[in-house]
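S.K.: Under full-length UniProt numbering, residues 1 to 422 are what the sequence shown spells out, in order.
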Amino acid sequence: MFAGSPLNRLSWLRNSHSFLNSIIASPKSRWLLFKSGNPLTTKTEGKSILAYLSTKDVSPFIGQAPHFGQGRESGLLTSEEQISATEAVRHRGSPIVFLGLHENTSSGSGALPSSEFVDADKAVAKLEGVPYFAMDISDLELEEPAIQATLNETEAVKAGTSLAWLDARSVMTNADLFDGAIFAEARSMVDWNTRNKFCPGCGAKQHSLWGGWKLGCSTLMPWVDNAGRKPCPSGKGLHNFTHPRSDPVVIMLAVDETGEKILLGQNNRFKGQFYSALAGFIEPGETFEDAVKREMWEEAGVKAWDVQYHSGQPWPFPASLMCGFYARADSTQPVRTDLDNELSDARWFTRQEVMSVLTHATGSYLDLAKLAEASSQLNKDANEPPFRVPPTTAIAGVLIKDWAEGKVQFPTFSVNSPKGNL
1 MFAGSPLNRL
11 SWLRNSHSFL
21 NSIIASPKSR
31 WLLFKSGNPL
41 TTKTEGKSIL
51 AYLSTKDVSP
61 FIGQAPHFGQ
71 GRESGLLTSE
81 EQISATEAVR
91 HRGSPIVFLG
101 LHENTSSGSG
111 ALPSSEFVDA
121 DKAVAKLEGV
131 PYFAMDISDL
141 ELEEPAIQAT
151 LNETEAVKAG
161 TSLAWLDARS
171 VMTNADLFDG
181 AIFAEARSMV
191 DWNTRNKFCP
201 GCGAKQHSLW
211 GGWKLGCSTL
221 MPWVDNAGRK
231 PCPSGKGLHN
241 FTHPRSDPVV
251 IMLAVDETGE
261 KILLGQNNRF
271 KGQFYSALAG
281 FIEPGETFED
291 AVKREMWEEA
301 GVKAWDVQYH
311 SGQPWPFPAS
321 LMCGFYARAD
331 STQPVRTDLD
341 NELSDARWFT
351 RQEVMSVLTH
361 ATGSYLDLAK
371 LAEASSQLNK
381 DANEPPFRVP
391 PTTAIAGVLI
401 KDWAEGKVQF
411 PTFSVNSPKG
421 NL
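1) For a quick check, are the C-beta atoms of Ala184 and Val97 less than 9 angstroms apart?
2) Spatial neighbours of Ala156 within its chain, please: C-beta separation below 8 angstroms, excluding the five flanking residues on both sides.
3) Which partner residues does Thr42 have in the DSSP bridge list?
4) DSSP three-state label for Glu283, please.
5) Does the structure place the segment 213 to 226 close enough to the segment 280 to 296 that three or more beta carbon pairs sit under 8 angstroms?
6) Have a look at Thr393, Ala134 and Ala181 and flag the residue whose alpha-carbon is nearest the alpha-carbon of Gly4.
7) Looking at C-alpha atoms only, which residue of Asp340, Ala146 and Tyr309 is the closest neighbour of Leu399?
8) If you follow the alpha helix (DSSP H) that Ile251 is part of, which residue opens it and which one closes it?
9) With the cut-off set at 9 angstroms, would you say Thr194 and Phe133 are in Cβ contact?
10) For Thr393 and Pro316, I'd like the C-alpha separation in whole angstroms.
11) Are the beta-carbon atoms of Asn104 and Gly129 separated by less than 9 angstroms?
12) Starting from the C-beta of Val354, find all residues in its chain whose C-beta is less than 6 angstroms away, skip the five residues before and the five after it, and write them out in chain order.
13) Per DSSP, which residues does Lys35 bridge with? Please list them.
14) Can you tell me whether DSSP reads Ser84 as helix, strand or coil?
15) Would you be able to state if there are at least three C-beta pairs under 8 angstroms between the segment 273 to 282 and the segment 203 to 220?
16) Identify whether Gly129 lies in helix, strand or coil by the three-state DSSP scheme.
17) Quick check: what's the CA-CA separation for Val250 versus Ala319?
18) Where does His310 fall in DSSP's three states?
19) To the nearest angstrom, how far is the alpha carbon of Ile395 from that of Ser311?
20) Can you check DSSP and say which residues form a bridge with Ile325?
21) Within this structure, are the beta carbons of residue 474 and Met252 separated by less than 9 angstroms?
22) Can you list, in chain order, the residues of its chain with a C-beta nearer than 6 angstroms to that of Arg347? Leave out the 5 residues immediately preceding and following it.
23) List the DSSP bridge partners of residue 426.
24) Along the chain, where does the alpha helix (DSSP H) that runs through Asp345 open and close?
25) Is the beta carbon of Pro314 sitting closer than 9 angstroms to the one on Met322?
26) Classify Phe325 as buried or exposed, calling it buried when 16 or more other Cβ atoms lie within 10 Å of its own Cβ.
27) Helix, strand or coil for Trp12? Go by DSSP, reduced to three states.
28) Could you check which residue in Asp340, Asp338, Gly397 and Asn341 has the C-alpha nearest to that of Gly363?
29) Tell me which residues share the same chain as Arg14 and place their Cβ nearer than 7 angstroms to its Cβ, disregarding the 5 neighbours each side in the sequence.
30) So what does DSSP say about Leu76, is it helix, strand or coil?
31) Going along the chain, which residues of its own chain have a beta-carbon closer than 7 angstroms to the beta-carbon of Val124, five neighbours each way excluded?
32) Taking C-beta to C-beta, are Lys47 and Thr173 nearer than 9 angstroms?
33) Our contact map puts Leu140 next to Phe61 with C-beta atoms below 8 angstroms; I'd like the distance itself, whole angstroms only.
34) If we call anything under 9 angstroms between Cβ atoms a contact, is Glu342 one with Glu286?
35) Can you name the residues that DSSP bridges to His207?
36) Could you give the distance in angstroms between the alpha-carbon of Asn196 and the alpha-carbon of Gly265?
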């Protein structure tokens, strides 16, 4: 879930306002809208799925054209002699993110930065597929009746389909791989644009560039009067202070010497008997392996060694890159959760215990609202699992399942074997 993007992101065309303005006007273009990070959804067969709207549907939200390359005056483009500070600039209206193009690649080819696709006009003429955009409308400061009035005029609602904002984490319950990957890119990018409103170099307002993939300081606009201000350091040299976020996180399972037990933790934020892999952000000056060992020690008082990479997963809450690992540890040593107090419990589980949960109808779960509700009944009903673990839509669930099913093999160590360095 969330990986394997189906879109050609066409990154080399993001700085072209003529390209972006042309495809945004295409009747094929589709939009994923957010409100304070929660996506707009529709229902099909009783399940909430992402709603994709047309440019016509969202036109009241995106404002007056041009949408990119906006000049000093409303409705005008920037000068043909644009500078880096005005490349596909959008300084009026909420940021718009160009996610990419979903192509029909059955022929085995797609748009590449060749002679046909470097020039914006030629690219627009040659491109085949569906352009995707994203936007968060929360900064528009519209009252709910005005938002609903716009949504009521969409083709979907006119056709009898209902639209509703859904908690972002609930998307993974029903999303397929296509929607999951687009959602991950869209939510991370609109979140990044929403959070970074002021220049880290001088404190002035920032605006969107490159179809939502770059931010620029407003003092660098050619028509801005900067009298009495010190020059912003971002205007000289390579000073793109903030890049689109991908916060690296290690998430790991400790496997004991026999290979038959794993260490799982219960986070203080999660109610009920919900156990998962341990995880934490990578700190400056660390390798992945260093972070795995440090987090295991800080969260559970466990010394780990023999760290092995498994797989990764984008996690758009808001913009993490989960890097999954296995590590070896000594299950005979005491487990401590009082070092950083992030976990309410951590314990070793046998393969048999884990398999009994994985094979249970409700053993894997990641709907936090329902989890809290279910926790009050857990163990009161003989049909309930003794604990729960994440589903395989989350990388923690994949790590747990692959180990439980024997897809990951480790050599057996004796308890007295060398443990390596912390």
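Glycine is no exception: its CB is placed at the ideal position from the N, C-alpha and C atoms.
M.R.: The structure says:
1) Start at 1 with the first residue of the sequence shown, and residue 184 comes out as number 184. Start at 1 with the first residue of the sequence shown, and residue 97 comes out as number 97. Contact flag unset, no.
2) As a first step, residue 156 must be located in the sequence shown, where it is residue number 156. Contacts found: Thr42, Ala51, Leu53, Asp57 and Leu163.
3) The residue labelled residue 42 in the question sits at position 42 within the sequence shown. DSSP lists Ile49 and Leu163 as partners of Thr42.
4) The sequence position of residue 283 within the sequence shown is 283, counting from 1. Glu283 falls in the coil class under three-state DSSP.
5) no
6) As a first step, residue 4 is located in the sequence shown; it is residue number 4 there, counting from the start. For the residues Thr393, Ala134 and Ala181, the minimum Cα distance to Gly4 belongs to Ala181.
7) Counted from its first residue, the sequence shown places residue 399 at position 399. For Leu399, the nearest C-alpha among the options comes from Tyr309.
8) Mapped onto the sequence shown, residue 251 falls at position 251. Run containing Ile251: none in the alpha helix (DSSP H); it sits in the beta strand (DSSP E), Asp247 to Val255.
9) The residue given as residue 194 occupies position 194 in the sequence shown. The residue given as residue 133 occupies position 133 in the sequence shown. Cβ atoms of Thr194 and Phe133: not closer than 9 angstroms.
10) Position 393 of the sequence shown, counted from the start, is the residue given in the question as residue 393. Position 316 of the sequence shown, counted from the start, is the residue given in the question as residue 316. So the alpha carbons of these two residues sit roughly 13 angstroms apart.
11) Position 104 of the sequence shown, counting from 1, holds the residue named residue 104. Position 129 of the sequence shown, counting from 1, holds the residue named residue 129. Yes, the Cβ-Cβ distance between Asn104 and Gly129 is below 9 angstroms.
12) Here residue 354 corresponds to residue number 354 of the sequence shown, with the count starting at 1. These residues qualify, in order along the chain: Ala404.
13) On the sequence shown, position 35 is the one that residue 35 refers to. Answer is Asn38.
14) Working through the sequence shown from its first residue, we reach residue 84 at position 84. Of the three classes helix, strand and coil, the one that applies to Ser84 here is helix, per DSSP.
15) no
16) For the purposes of this step, residue 129 is taken as the residue at position 129 of the sequence shown. In the structure shown, Gly129 sits in a strand (DSSP, three-state: E or B).
17) Start at 1 with the first residue of the sequence shown, and residue 250 comes out as number 250. Start at 1 with the first residue of the sequence shown, and residue 319 comes out as number 319. Taking the straight line joining both Cα atoms gives about 14 angstroms.
18) Residue 310 sits at position 310 when you count from the first residue of the sequence shown. Three-state DSSP puts His310 in a strand.
19) Residue 395 sits at position 395 when you count from the first residue of the sequence shown. Residue 311 sits at position 311 when you count from the first residue of the sequence shown. Each residue's alpha carbon lies about 8 angstroms from the other.
20) Against the sequence shown, residue 325 aligns to sequence position 325. The sequence given here has Phe at residue 325, not Ile. Bridge partners of Phe325: Met252 and Tyr309.
21) Any answer about residue 474 is impossible in this case: the structure gives the chain only from 1 up to 422.
22) Reading the sequence shown from its first residue, position 347 is the one you call residue 347. So the list is empty, once near-sequence residues are dropped.
23) As displayed, the chain neither begins before 1 nor continues past 422, which places residue 426 out of reach and without an answer.
24) As a first step, residue 345 must be located in the sequence shown, where it is residue number 345. Unbroken run through Asp345 is the beta strand (DSSP E), Leu343 to Thr350; no alpha helix (DSSP H).
25) Reading the sequence shown from its first residue, position 314 is the one you call residue 314. Reading the sequence shown from its first residue, position 322 is the one you call residue 322. The answer is yes: Cβ separation under 9 angstroms.
26) Taking the first residue of the sequence shown as 1, we reach residue 325 at position 325. Looking at its Cβ environment, which holds 16 or more other Cβ atoms inside 10 Å, Phe325 is buried.
27) As a working note, residue 12 is residue 12 in the sequence shown. Note: Trp12 maps to helix in three-state DSSP.
28) As a working note, residue 363 is residue 363 in the sequence shown. Ranking the options by Cα distance to Gly363, first place goes to Gly397.
29) If you number the sequence shown from 1, residue 14 lands on position 14. Result list for Arg14: Ala88, Phe98, Trp210, Gly211 and Trp213, in chain order.
30) Within the sequence shown, residue 76 is the residue found at index 76, counting from 1. Looking at Leu76 - three-state DSSP - the assignment turns out to be coil, as it is neither helix nor strand.
31) For the purposes of this step, residue 124 is taken as the residue at position 124 of the sequence shown. Phe19, Ser22 and Ile23.
32) Residue 47 sits at position 47 when you count from the first residue of the sequence shown. Residue 173 sits at position 173 when you count from the first residue of the sequence shown. Yes, Cβ-Cβ distance for Lys47 and Thr173 is below 9 angstroms.
33) Counting from one through the sequence shown, the residue named residue 140 turns up at place 140. Counting from one through the sequence shown, the residue named residue 61 turns up at place 61. Correct: roughly 7 angstroms between the Cβ atoms.
34) The count along the sequence shown starts at 1 and reaches residue 342 at position 342. The count along the sequence shown starts at 1 and reaches residue 286 at position 286. The answer is no: Cβ separation not under 9 angstroms.
35) Locating residue 207 in the sequence shown gives position 207, where the first residue counts as 1. The partner list for His207 (beta bridge, DSSP) reads Gly216.
36) For this step, residue 196 is matched to residue 196 along the sequence shown. For this step, residue 265 is matched to residue 265 along the sequence shown. If I take the Cα positions, the gap works out to 33 angstroms.
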